[in-house]
Each structure stands twice: as structure tokens, then as C-alpha cells.
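The sequence shown begins at 1 in the UniProt record's numbering and counts up one residue at a time.
For each residue, glycine too, the CB sits at the ideal point set by N, CA and C.
Just so it is clear, the structure is predicted and the values come from calculations on it, not from any experiment.
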Amino acid sequence: MNAQFKKGSLELCVLSFIRQEEQYGYQLAQNIGKYINIADGTLYPLLRRLVKEGVVDSHFKESTGGPARKYYTLTSEGEAHLESIHEEWRTYTKAVNQLLEDTH
1 MNAQFKKGSL
11 ELCVLSFIRQ
21 EEQYGYQLAQ
31 NIGKYINIAD
41 GTLYPLLRRL
51 VKEGVVDSHF
61 KESTGGPARK
71 YYTLTSEGEA
81 HLESIHEEWR
91 TYTKAVNQLL
101 EDTH
């Protein structure tokens, strides 16, 4: 898949999964990886940015099989942001799909 397509949609994917339930980074990578292939080098900088922007919170939880894991949750600002970018995505993909249909 085109890297620019993935880069443009990764934030939407990450926030959508975190909205379902809190997740730690590796778990999130595995869940998204069921649909699209992403590199750790892409995911973790995005998570740091989302925390810095106040869209996502993070906290550590003890793990039964090793060191504590950093879990991510959506903030109320994150909920609103997700709704906004989800609507933008729907509008954009609808327009692109229409363009492709009209020019095919």
C-alpha cells in the first residue's frame, strides 16, 4: 500500500482503536496490523504527538509477563477530534470515489 495513504489515515486508525479500549503500543500495532502494515517507527512518534496535543492520555500498568506497559486512552478532546477527522475522512473518500467513478 502507498506509504502516503497510510500516513494520512494512521491517526484516524489509532484513535479509532483507542476509543474501543485502552491499548498499549505493541497491542495497537498488532491490531492495526491486521488491516494495514505499519512500522513501529511510525506509530510511536504519532502516539507521542497525540499525548502532547492532549488528544490521548497515557499511563503505566503492571504486566503479568514483564515490565509495566504504557497504555493509551482517548481524552474528551480526543473524542471530539476523532469525530472531526472521521467526518473529514468520509467526505474526502466520498469525493475521491466519485472522481474515480466519473473518470473511469
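task: Please check the pair Arg69 and Phe60, which I expect to be a contact at CB under 8 Å, by giving their CB distance rounded to whole angstroms.
output: Your numbering for residue 69 matches position 69 in the sequence shown. Your numbering for residue 60 matches position 60 in the sequence shown. Yes, they are in contact, since the Cβ atoms of Arg69 and Phe60 sit about 7 Å apart, within 8 Å.
message: Checking 8 Å against the spacing of the C-beta atoms, do Ile18 and Thr73 come in under that value?
response: Residue mapping note: residue 18 aligns to position 18 of the sequence shown, counting from 1. Residue mapping note: residue 73 aligns to position 73 of the sequence shown, counting from 1. It is a contact, given that the beta carbons lie within the stated cut-off.
- prompt: Shortest alpha-carbon distance to Ser76 belongs to which of Glu11, Gln23, Ser9 and Leu15?
  reply: For the purposes of this step, residue 76 is taken as residue 76 along the sequence shown, with counting starting at 1. Ranking the options by Cα distance to Ser76, first place goes to Leu15.
query: Start and end of the alpha helix (DSSP H) containing Lys61?
result: Here residue 61 refers to the residue found at position 61 when the sequence shown is read from its first residue. Taken as a continuous stretch (DSSP letters only), Lys61 belongs to no alpha helix (DSSP H), being part of the beta strand (DSSP E) at Val56 to Ser63.
query: For Gly44, which of helix, strand or coil comes out of DSSP?
result: If you number the sequence shown from 1, residue 44 lands on position 44. In the sequence as presented, Gly is not what sits at residue 44; that position holds Tyr. Looking at Tyr44 - three-state DSSP - the assignment turns out to be helix.
- prompt: Which residues mark the beginning and the end of the alpha helix (DSSP H) in which Ala68 is found?
  reply: Reading the sequence shown from its first residue, position 68 is the one you call residue 68. Segment Gly66 to Leu74 is the beta strand (DSSP E) holding Ala68; no alpha helix (DSSP H) there.
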